[in-house]
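Engineer:
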Amino acid sequence: MNKDLFAKYDVAAPRYTSYPTVPYWSNEAFPQEDWLLHVQNAFSADHQISLYIHLPFCESLCTYCGCNKHITKNHNVEHPYIDAVLKEWRMYRAALPGKPVLRELHLGGGTPTFFQPENLRFLLENILNDVEIADQHDFGFEAHPWSTSEEHLKTLYELGFRRISLGVQDFDEDLMKLVNRRQTVESVERCTEQARAIGYESVNYDLIFGLPKQTVAHIRNDARQVARLKPDRIAFYSYAHVPWLKRSQCAYSEADLPTGVAKRQLYEAGRHWFESDGYAEIGMDHFALTHDPLFGALRSETLHRNFMGYTPYKTGLLIGLGASSIGDSWDAYAQNEKSIADYQRVVNEGRLPVFRGHRLNEEDRRLRRHILRLMTRFETTWSFEEAWDETFGAAINRLEPLLADGLIELKPFQLKVTPEGRNFLRNICMAFDAHYWRKQPEGRLFSQAV
Numbered sequence: 003m004n005k006d007l008f009a010k011y012d013v014a015a016p017r018y019t020s021y022p023t024v025p026y027w028s029n030e031a032f033p034q035e036d037w038l039l040h041v042q043n044a045f046s047a048d049h050q051i052s053l054y055i056h057l058p059f060c061e062s063l064c065t066y067c068g069c070n071k072h073i074t075k076n077h078n079v080e081h082p083y084i085d086a087v088l089k090e091w092r093m094y095r096a097a098l099p100g101k102p103v104l105r106e107l108h109l110g111g112g113t114p115t116f117f118q119p120e121n122l123r124f125l126l127e128n129i130l131n132d133v134e135i136a137d138q139h140d141f142g143f144e145a146h147p148w149s150t151s152e153e154h155l156k157t158l159y160e161l162g163f164r165r166i167s168l169g170v171q172d173f174d175e176d177l178m179k180l181v182n183r184r185q186t187v188e189s190v191e192r193c194t195e196q197a198r199a200i201g202y203e204s205v206n207y208d209l210i211f212g213l214p215k216q217t218v219a220h221i222r223n224d225a226r227q228v229a230r231l232k233p234d235r236i237a238f239y240s241y242a243h244v245p246w247l248k249r250s251q252c253a254y255s256e257a258d259l260p261t262g263v264a265k266r267q268l269y270e271a272g273r274h275w276f277e278s279d280g281y282a283e284i285g286m287d288h289f290a291l292t293h294d295p296l297f298g299a300l301r302s303e304t305l306h307r308n309f310m311g312y313t314p315y316k317t318g319l320l321i322g323l324g325a326s327s328i329g330d331s332w333d334a335y336a337q338n339e340k341s342i343a344d345y346q347r348v349v350n351e352g353r354l355p356v357f358r359g360h361r362l363n364e365e366d367r368r369l370r371r372h373i374l375r376l377m378t379r380f381e382t383t384w385s386f387e388e389a390w391d392e393t394f395g396a397a398i399n400r401l402e403p404l405l406a407d408g409l410i411e412l413k414p415f416q417l418k419v420t421p422e423g424r425n426f427l428r429n430i431c432m433a434f435d436a437h438y439w440r441k442q443p444e445g446r447l448f449s450q451a452v
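Sequential numbering from 3 applies to the sequence shown in this note's numbering.
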């Protein structure tokens, strides 16, 4: 790792799961009729959809977490929430002229396995009975090793799920206690072995670097456990310290957080050990074994990135169900009410719970394509006409320091990220972020880029 380059480019930057990023959405009034027109236009292309369902409940608070969640041990919340999600789904179905072809389905949270297996079955059967399932499809869910039972695994497998993502974060139990996460190595191993015995084809481990008091020794232990249990994928996320947004992150001293070069060394060490064990780096912060569909998608240049992360398929329409979920019609975004009470109230009033969104103009769509290509292919190309565009020209000018530092290669109508430049992918994408450069944030908004 070049420490001088790290110091130069370790600035606050978006993660680019979307463009424009959420803080730069226009947030104009977005009547449900307008959003549904975008949904219908995207649907008319091939009737294929991706579906994300947000299940926000957790029994305890992991203090590092930046997700939208609700902490409760009261499982009576399950039925009213499921009823609201199904009402929302029926509103979309009533607006779609034909039966959707479901390509992707992902359950996120919160903790999806907070819900009882029979309640998950009720929710999903009511949705799956109303769609056609694409021949090539990808159904996955996020799971807490401690709360995921064999019954959960069997139920979801019977409903077509073949991919599971286990929230491991770190295998050190003392480290997990610091962030109030109840978990053991045995629970991860049990869940992994049960999933494979049932027939799941892809097991992912979510790991985090930069947790309080985490050291290279912790990452070495994580790598040993990964080598032993051999998950098919790894998501190796940077801990995003945003206590101004997530008050739970004030639970520990910032003096205990590895920062700067010390934090980056955790990632570099993890990447070295993962690659030594046969994992290939996929996009940003992700690794996969060569038999996994993500690796194949990277090689065939079909890898996609959306609000669900990296996926092997792309659809023109992503519908988000549940509190805080985001929909994407490619030319517009819409986000649901974040609070569960507001979400359920609006749905029960018979309205889609969209509370903000953004309509992409032509410039947004062009820049989005470049950022998406960089995130999934480490390169992008452009036309002769686009080269003369003022906004695009400004982006190329902002890339000059990265070019001088050997992080990118520029050829006529083509940009390629160098191997060293992959460490600074967010910085490279930020050069294309016209919204950011027109109105740079005055306060703290994003986590650090590197």
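By construction, the Cβ of each residue, glycine as well, lies at the ideal position given by its N, Cα and C atoms.
(1) If P58 sits next to A325, beta carbons under 8 Å apart, how far is it from one beta carbon to the other, in whole angstroms?
(2) Count the other CB atoms, across all protein chains shown, that sit within 10 Å of the CB of S302; report buried if there are 16 or more and exposed otherwise.
(3) Could you tell me whether the stretch 399-408 touches the stretch 418-434, where touching means 3 or more Cβ pairs closer than 8 Å?
(4) Would you call the CB atoms of R353 and W27 closer than 8 Å?
(5) Can D279 and H220 be called in contact, C-beta distance under 8 Å?
(6) Quick check on DSSP: helix, strand or coil for V24?
(7) Given a cut-off of 8 Å on the beta-carbon distance, is the pair L158 and L130 in contact?
(8) With a cut-off of 8 Å, do at least 3 Cβ pairs link the stretch 302-318 to the stretch 94-113?
(9) Could you give the first and the last residue of the continuous beta strand (DSSP E) run that contains H108?
(10) Looking at A433 and L412, is the spacing between their C-beta atoms short of 8 Å?
(11) According to the Cβ coordinates, are L180 and P214 closer than 8 Å?
(12) Can you tell me which of I430, G100, D36 and I373 puts its alpha carbon nearest to the alpha carbon of A47?
(13) Considering only the alpha carbon of each residue, which of E351, A9, P16 and I430 lies closest to L376?
(14) Please classify A290 as buried or exposed, where buried requires at least 16 other C-beta atoms within 10 Å of its C-beta.
(15) With DSSP collapsed to three states, give me the class of S52.
(16) Taking only three categories from DSSP, how would you classify V133?
(17) In three-state terms, what does DSSP make of K441?
(18) Note down the Cα distance separating E80 from F117, rounded to an integer number of angstroms.
(19) Check whether the stretch 61-75 touches the stretch 6-24, counting contact only when three or more Cβ pairs, one atom from each stretch, lie closer than 8 Å.
(20) Residue range of the beta strand (DSSP E) that R368 falls in?
(21) Under a three-way DSSP split, which group does T19 fall into?
(22) For the stretch 202-210 and the stretch 228-245, state whether three or more C-beta atom pairs, one from each stretch, are separated by less than 8 Å.
(23) Provide the residue(s) that pair with T382 in DSSP beta bridges, ordered along the chain.
(24) Name the two residues that bound the continuous beta strand (DSSP E) containing S167.
(25) Got a sec? Which residues, its chain only, sit under 8 Å from N182 by beta carbon, not counting five neighbours each side?
(26) When the distance is taken between beta carbons, is Q346 closer than 8 Å to E381?
(27) Rounded to a whole number of angstroms, what is the C-alpha to C-alpha distance between I55 and H437?
(28) Where does N395 sit, in a helix, a strand or coil, going by DSSP?
(29) Considering only C-alpha positions, which residue in the set A343, L427, F124 and G329 is nearest to H360?
(30) Taking its Cβ as the centre, do 16 or more other Cβ atoms sit within 10 Å of A386, making it buried, or is it exposed?
(31) Please report the distance separating the alpha-carbon of A97 from that of Q34.
(32) Taking Cβ to Cβ, would you say C60 is nearer than 8 Å to G112?
(33) Counting pairs of beta carbons, one from the stretch 152-166 and one from the stretch 194-204, are three or more of them closer than 8 Å?
(34) Give the secondary structure of F448 by DSSP, where H, G and I count as helix, E and B as strand, and everything else as coil.
(35) Taking the alpha-carbon positions, what's the P114 to F143 distance?
(36) When the Cα of K340 is compared with those of G298, T378 and N70, which residue comes out closest?
Structural biologist: From the atom records:
(1) Sure, about 5 Å apart at Cβ, within 8 Å.
(2) Under a 10 Å Cβ-count criterion, S302 is classified as exposed, with fewer than 16 other Cβ atoms of the shown protein chains found around its own Cβ.
(3) Yes, the stretch 399-408 touches the stretch 418-434.
(4) Inclusion of R353 and W27 in the CB contact set at 8 Å is not warranted, their separation being larger than that value.
(5) Remark: C-beta atoms of D279 and H220 do not approach each other more closely than 8 Å.
(6) V24 sits in a helix when the DSSP states are folded into three classes.
(7) Not in contact: L158 and L130 (Cβ atoms no closer than 8 Å).
(8) Contact holds: three or more Cβ-Cβ distances are below 8 Å.
(9) Here the beta strand (DSSP E) through H108 covers V103 to G111.
(10) No.
(11) The answer is yes: Cβ separation under 8 Å.
(12) Nearest of I430, G100, D36 and I373 to A47, Cα basis: G100.
(13) Considering only alpha carbons, the answer is I430.
(14) By the 10 Å Cβ count, A290 comes out buried.
(15) If DSSP states are grouped into helix, strand and coil, S52 belongs with the strands.
(16) V133: coil per DSSP, three-state reduction.
(17) Secondary structure of K441 (DSSP, three-state): coil.
(18) Those two C-alpha atoms are separated by around 6 Å.
(19) Cβ pair count under 8 Å is below three, so no.
(20) Note, R368: premise wrong, no beta strand (DSSP E); alpha helix (DSSP H) at E364 to R379.
(21) Looking at T19 - three-state DSSP - the assignment turns out to be coil, as it is neither helix nor strand.
(22) Put simply, the stretch 202-210 touches the stretch 228-245. At least three CB pairs are less than 8 Å apart.
(23) Note: T382 sits in a beta bridge opposite L417.
(24) Segment R165 to Q171, the beta strand (DSSP E) holding S167.
(25) Excluding sequence neighbours, N182 sits near S62, L63, C64, T65 and A253.
(26) With contacts defined as CB atoms closer than 8 Å, E381 and Q346 fail to qualify as a contacting pair.
(27) Distance between the alpha carbons of I55 and H437 is about 29 Å.
(28) The residue asked about is misnamed: residue 395 is Gly in this sequence, not Asn. Of the three classes helix, strand and coil, the one that applies to G395 here is helix, per DSSP.
(29) The shortest Cα separation from H360 among A343, L427, F124 and G329 belongs to G329.
(30) Per the sequence shown, the amino acid found at residue 386 is Phe instead of Ala. Its Cβ having fewer than 16 others within 10 Å, F386 is exposed.
(31) Taking the straight line joining both Cα atoms gives about 11 Å.
(32) Yes; because the gap between Cβ atoms is below 8 Å, this pair is in contact.
(33) By the Cβ rule, the stretch 152-166 counts as touching the stretch 194-204, because three or more pairs are nearer than 8 Å.
(34) Per DSSP, reduced to three states, the secondary structure at F448 is coil, with no helix or strand assignment.
(35) Spanning the alpha carbons of P114 and F143 requires a straight line of approximately 7 Å.
(36) Comparing alpha carbon positions, the residue from G298, T378 and N70 closest to K340 is N70.
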